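Novice: So for the sequence shown, my numbering puts the first residue at 363; every next one is plus one.
Just so it is clear, CB atoms sit at the ideal spot from N, CA and C, and this is done for glycine as well.
In this text, all values refer to a predicted model and were calculated from it rather than measured experimentally.
The structure's right below; bear with me while I get my questions together.
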Amino acid sequence: MKTSHALLAIAAVGTAHLVARERQHRQQKVVAVARMHDQWLTLLTTNLDLAEQWAPEGMDVKEYVTLLNANQQLCALALRYRLGLISKDRLRFVVQAVMERESVRQYWEKFGAFRAEESLDNKADADFNDIVGDVYDARRAMQTAGA
């Protein structure tokens, strides 16, 4: 093997290693932020006095806690999707199952638009929200047709 080919191969391996390291570092940051968010949601759902301070005006604190629990479940799914641990097809299936819960549908009704705005700068989050929105809309259309 020529020296130039060997150097090129070494450079390619080094570049691939740096790219993989950067991706892993990004994923670690995503997990760290998700962990903090999950801890915050857990704190709110277990401390009604604190939840009351953060509840939207006019919303009963117990209703807010129920919606926070739904949010927590969706956040866990979003993290799995963002890290590539679940495919779009599998995500759609799981979201359909989660959307069976009234609290999840109520959460999406009240906060889905906010989540969409929040995800504008992140394709994975936007894709996740699109899937949840599609499942929600399909479920709502079925309920309307059946009513």
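For the alpha helix (DSSP H) containing residue 454, list its first residue and its last residue.
Specialist: For the purposes of this step, residue 454 is taken as the residue at position 92 of the sequence shown. 450-460 is the span of the alpha helix (DSSP H), which, as asked, contains residue 454.
Novice: Where does residue 409 sit, in a helix, a strand or coil, going by DSSP?
Specialist: Mapped onto the sequence shown, residue 409 falls at position 47. Coil.
Novice: For residue 460 and residue 439, which I take to be in contact (beta-carbon distance under 8 Å), what is that distance rounded to the nearest angstrom?
Specialist: Position 98 of the sequence shown, counted from the first residue, corresponds to residue 460. Position 77 of the sequence shown, counted from the first residue, corresponds to residue 439. Yes, they are in contact, since the Cβ atoms of residue 460 and residue 439 sit about 7 Å apart, within 8 Å.
Novice: Alpha carbons only, please: which of 409, 463 and 449 is nearest the one belonging to residue 423?
Specialist: The residue labelled residue 423 in the question sits at position 61 within the sequence shown. If we check each option's Cα against that of residue 423, 409 comes out closest.
Novice: Since residue 443 contacts residue 436 with CB under 8 Å, what's their CB separation in whole angstroms?
Specialist: Looking up residue 443 in the sequence shown gives position 81. Looking up residue 436 in the sequence shown gives position 74. With a Cβ gap of about 10 Å, residue 443 and residue 436 do not count as contacting.
Novice: Taking the alpha-carbon of residue 492 as reference, which of 429, 478 and 394 has the nearest alpha-carbon?
Specialist: The count along the sequence shown starts at 1 and reaches residue 492 at position 130. Measuring from the Cα of residue 492, the nearest candidate turns out to be 478.
Novice: Under DSSP, the alpha helix (DSSP H) around residue 465 begins and ends at which residues?
Specialist: For the purposes of this step, residue 465 is taken as residue 103 along the sequence shown, with counting starting at 1. Its alpha helix (DSSP H) spans residues 464-480.
Novice: Rounded to whole angstroms, what is the Cα-Cα separation between residue 378 and residue 384?
Specialist: Locating residue 378 in the sequence shown gives position 16, where the first residue counts as 1. Locating residue 384 in the sequence shown gives position 22, where the first residue counts as 1. So the alpha carbons of these two residues sit roughly 10 Å apart.
Novice: Does the distance from the C-beta atom of residue 389 to that of residue 447 stay below 8 Å?
Specialist: Taking the first residue of the sequence shown as 1, we reach residue 389 at position 27. Taking the first residue of the sequence shown as 1, we reach residue 447 at position 85. Cβ atoms of residue 389 and residue 447: not closer than 8 Å.
Novice: Grab me the residues of residue 430's own chain with a C-beta within less than 6 Å of its C-beta, minus the 5 sequence neighbours each way, in chain order.
Specialist: Locating residue 430 in the sequence shown gives position 68, where the first residue counts as 1. So the list reads 403, 406 and 407, once near-sequence residues are dropped.
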